[in-house]
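Residue numbers (the numbering used here): 210 to 349. The C-beta atom is built at its ideal place from N, Cα and C for all residues, glycine as well. Remarks on the structure that follows.
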Amino acid sequence: MLEDYAMLIATDEAGRVVRRPSKPAIGRMLANLQRGNAHLVLERTEEDMEGSWYVQVLLRDDNTYQLEFRDGVAAEHYQTRTIAQAKVLTVMLGWAAGKADWKDGFMWNNIGSQFEAVLAVPALALPVCSSPATSAEPAN
């Protein structure tokens, strides 16, 4: 098990949900990304933990991987890209295990302002979002 003090939940675009996923399960879900199932979210949940804590990946149309993570609040939402699936797996497993160096090797861009702008829109104009996956749509 990757983290004992917080529950991890892996969800893909096809709707498959794995609670407390093992390293091999995360690897399989990542390896199975393709058109129509191009998104994977690994979320950390705990009753005492406020905010959203997750790492997610999108397999883009150009076959690159867009990685994002959020550390609790919209202002702490970061993004990077890579062509290497192995690097994506290293990031996701490192994040899941709580390793201090999981972000190393990438230049992460803070994109939190994109989400803060959305929060300023009146609530009735916002779509209903049920998971972090909806925040992963890339800005065009």
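query: From 237, 301 and 277, residue whose alpha carbon lies closest to that of residue 316; result: 277
query: Reference residue 310, options 300, 319 and 318, closest by Cα; result: 300
query: C-alpha gap between residue 231 and residue 313, whole angstroms; result: 22 Å
query: Buried or exposed (CB count within 10 angstroms, at least 16 for buried), residue 226; result: exposed
query: Nearest-angstrom Cα separation, counted from residue 268 out to residue 260; result: 25 Å
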